[in-house]
């Protein structure tokens, strides 16, 4: 029996596919791995790229998880105690050195702020 997935299901499947090794895949690789029509994969990838959930490397033309997907995932981490402990340590350090402190990461050529 053929499974019928909604576009949202397929988008989630694509994001999950890109979150597993190898972390950079072509549309054909995604299509074959998920058994989703190639044109459907391209359409969904374009929507995900428009929302910065997926990134396409200009040199390899392969896709990977985008900065916004990372930011959404980081919000989960932020809600966990270890991230709260990091924030407390940074706040204490900022008071001690009397300077503002932020916590950011570099994603491709963009800086993604975690704490400000």
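Residue numbers (our numbering): -19 to 96. Glycine is no exception: its CB is placed at the ideal position from the N, C-alpha and C atoms.
Note on geometry: alpha-carbon atoms of residue 38 and residue 92 lie some 20 Å from one another. By the CB criterion at 8 Å, residue 31 and residue 18 fall outside the cutoff.
According to the DSSP assignment, residue 93 belongs to the beta strand (DSSP E) that extends over 90 to 95. For residue 44, the enclosing beta strand (DSSP E) has its first and last residue at 43 to 45.
When secondary structure is reduced to three states using DSSP, residue 81 falls in the coil class, being assigned neither helix nor strand. Between the segment -13 to 5 and the segment 42 to 56 there are three or more C-beta pairs closer than 8 Å, enough to call the two in contact. For residue 35, same chain residues with a beta-carbon under 6 Å away, outside a window of 5 residues either side, are 44, 46 in chain order. If you look at residue -12, you'll find it in the alpha helix (DSSP H) that goes -13 to -2.
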